[in-house]
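Take a look at the structure set out below.
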Amino acid sequence: MTTAVSLKAITRRFGDVLALDAIDLDIVEGEFFAMLGPSGSGKTTCLRVIAGFEQPSSGELAIFGERAETVPPYKRNVNTVFQDYALFPHLNVIDNVAYSLMLRKVERSERYRQAEAALEMVKLSGYGARRPGQLSGGQRQRVALARALVNRPKVLLLDEPLGALDLKLREQMQEELKSLQKRLGITFIFVTHDQGEAMSMADRIAVFNLGRIMQVGTPEEIYLTPASRFVADFVGSSNVLPPDFVGTLTGKPGWASLRPEAVTVTAGAGASLTGMVVSRSYLGATTRLTVDIAGQRIHAVMPSGPAMPEEGEQVAVSFDPSALHRLADAP
Ligand code: ATP
1442 MTTAVSLKAI TRRFGDVLAL DAIDLDIVEG EFFAMLGPSG SGKTTCLRVI AGFEQPSSGE
1502 LAIFGERAET VPPYKRNVNT VFQDYALFPH LNVIDNVAYS LMLRKVERSE RYRQAEAALE
1562 MVKLSGYGAR RPGQLSGGQR QRVALARALV NRPKVLLLDE PLGALDLKLR EQMQEELKSL
1622 QKRLGITFIF VTHDQGEAMS MADRIAVFNL GRIMQVGTPE EIYLTPASRF VADFVGSSNV
1682 LPPDFVGTLT GKPGWASLRP EAVTVTAGAG ASLTGMVVSR SYLGATTRLT VDIAGQRIHA
1742 VMPSGPAMPE EGEQVAVSFD PSALHRLADA P
């Protein structure tokens, strides 16, 4: 396994703000890697350090084994797709895509050949003569992608690449990006604050908070075995249960997470845990219930069915004890 990008104790300060606090991270060649976190957590700064638009205050960055902190962006084997796409409005699509080849003095017919091939990769053959203003949001996104791919980078950096698209198009582009990445075998590193997007596309995810990486793992690891309260809270809509409550359930106090889909709610009392339904939302295939158990709220997501308890109803709450996942006591 070759390491594509390696960060060692990378720190970036802006005045008093510690945007990146001693980040250690290795990204493997061919990975689809997501940097996930709330606004201001440092993920964009981390991406910009890899791209070369930002210098680390300290620490080491290597790209394919070569130290890169002082290498200018255009000499790194990486390309960035920006959130606003940064297309030239006065150039048509093919010239937008061929632009960087022109700067590199690639001969005219060759650069159009390569630009056509890049447009074909993103399923935009035949759109070369249009201006960006004559395209839909999703098509503009693909032009931006083609413009980066035409340079055949070994690493593609994507900053909230689907942020400007509506939900349906975003879901479609998630699938397309993933299959394109698998086909080309290029390392993709993308920034998002949308956990669903990170889960559906990435091979591995780094969860950022306050300039630090809280956990790195596959979507399953992050979802099923969050390392901390922050990760459990941020990724998915888990129940994060406080020590006292967990103590009454198990005899052993401590923070724990419990996935809503592991919880079963049935009408009537009887089980050891009983409570009252305080809200019920029908989501189609599933129904989400919130139950109040002596002041502690528990969310459950169950397959929708005819006998769903109503709001205000007394219910029994149960789950397999193995579904209770212990969390570190630190946030
Ligand atoms: P978002 O999802 O909102 O883009 P982010 O996780 O990408 O957030 P960053 O943009 O990396 O976060 O910002 C991390 C922190 O660094 C924030 O507190 C931000 O205000 C600060 N910061 C980023 N760039 C600069 C800058 N050029 N000057 C001063 N502070 C900055």
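So for the sequence shown, this note's numbering puts the first residue at 1442; every next one is plus one. C-beta atoms are modelled at their ideal positions from N, C-alpha and C, and glycine is treated no differently. Bear in mind that the values here come from a model prediction, so they are computed numbers and not experimental data.
Assigned exposure category for residue i - 16 Cβ within 10 Å defines buried
| i | result |
| --- | --- |
| Q1615 | buried |
| K1516 | exposed |
| M1543 | exposed |
| M1655 | buried |
| L1608 | exposed |
| I1691 | Checking the sequence, you will find Thr at residue 1691 rather than Ile. Burial call: exposed. |
| P1701 | buried |
| E1601 | buried |
| L1724 | exposed |
| S1550 | exposed |
| E1507 | exposed |
| V1779 | Residue 1779 lies beyond the residue range present for the chain, which begins at 1442 and ends at 1772; the question has no answer from this structure. |
| F1760 | buried |
| A1647 | buried |
| M1642 | buried |
| M1442 | exposed |
| G1652 | buried |
| G1746 | exposed |
| G1483 | buried |
| P1750 | buried |
| F1649 | buried |
Proximal residues to residue i (C-beta, below 7 angstroms), its chain only, five neighbours per side dropped
| i | result |
| --- | --- |
| A1673 | P1667, S1679, V1681, S1698 and L1768 |
| P1694 | P1684, D1685, V1687 and G1688 |
| C1487 | L1461, I1464 and M1476 |
| V1512 | G1493 |
| G1658 | R1645 and I1646 |
| D1733 | G1716, M1717 and V1719 |
First and last residue of the uninterrupted beta strand (DSSP E) at residue i
| i | result |
| --- | --- |
| T1727 | T1727 to I1734 |
| Q1755 | Q1755 to S1759 |
| A1647 | R1645 to N1650 |
| V1446 | T1444 to F1455 |
| L1461 | V1458 to V1469 |
| I1654 | R1653 to G1658 |
| S1641 | S1641 -> not in any beta strand (DSSP E); alpha helix (DSSP H) instead, spanning Q1636 to M1642. |
| N1520 | V1519 to V1522 |
| D1525 | D1525 -> no beta strand (DSSP E), and no H or E assigned at all. |
| M1743 | Q1737 to P1744 |
| V1706 | T1705 to A1708 |
| L1409 | Since the first and last residues shown for the chain are 1442 and 1772, residue 1409 lies out of range. |
| E1817 | Here the chain covers residues 1442 to 1772 and nothing more, so residue 1817 does not appear. |
| V1512 | Careful: V1512 lies outside any beta strand (DSSP E) and carries neither H nor E. |
Close-in-space but distant-in-sequence residues of the same chain around residue i (CB under 8 angstroms, 5 per side omitted)
| i | result |
| --- | --- |
| Q1636 | L1477, F1675, V1676 and G1677 |
| P1497 | I1451, T1452, R1453, L1461, V1490 and E1510 |
| Y1540 | F1529, L1532 and R1588 |
| N1537 | L1528, F1529, P1573, V1584 and R1588 |
| Q1555 | A1539, L1542, V1547 and V1591 |
| Q1387 | Outside the shown range of the chain (1442 to 1772) lies residue 1387, about which nothing can therefore be said. |
Own chain residues within Cβ distance below 6 angstroms of residue i, not counting five before or after
| i | result |
| --- | --- |
| P1573 | L1528, P1530 and R1581 |
| E1752 | V1718 and R1721 |
| L1730 | V1706, V1718, R1721 and A1741 |
| Y1526 | R1581 and A1585 |
| S1566 | L1560 |
| R1583 | V1563 and L1565 |
| L1765 | A1697 and L1699 |
| E1501 | K1449 |
| D1467 | T1444 and S1447 |
| M1640 | P1660 |
| G1569 | V1534 and I1535 |
| K1595 | N1518 |
Run of the alpha helix (DSSP H) containing residue i, from where it starts to where it stops
| i | result |
| --- | --- |
| A1556 | R1549 to M1562 |
| V1490 | K1484 to A1492 |
| F1686 | P1684 to T1691 |
| Q1580 | G1578 to L1590 |
| E1616 | L1608 to L1625 |
| Y1540 | V1534 to L1544 |
| F1629 | Here F1629 belongs to no alpha helix (DSSP H); instead the beta strand (DSSP E) covers T1628 to T1633. |
| A1673 | R1670 to F1675 |
Heavy atom of ligand 3 within 8 angstroms of residue i beta-carbon
| i | result |
| --- | --- |
| F1494 | You won't find ligand 3 in this model; what it holds is ligand 1. |
When the Cβ atoms of the segment 1475 to 1490 are set against those of the segment 1620 to 1637, are three or more pairs found closer than 8 angstroms?
yes
Under 8 angstroms, with one C-beta from each stretch per pair, do the segment 1535 to 1555 and the segment 1605 to 1624 reach the 3-pair mark?
no
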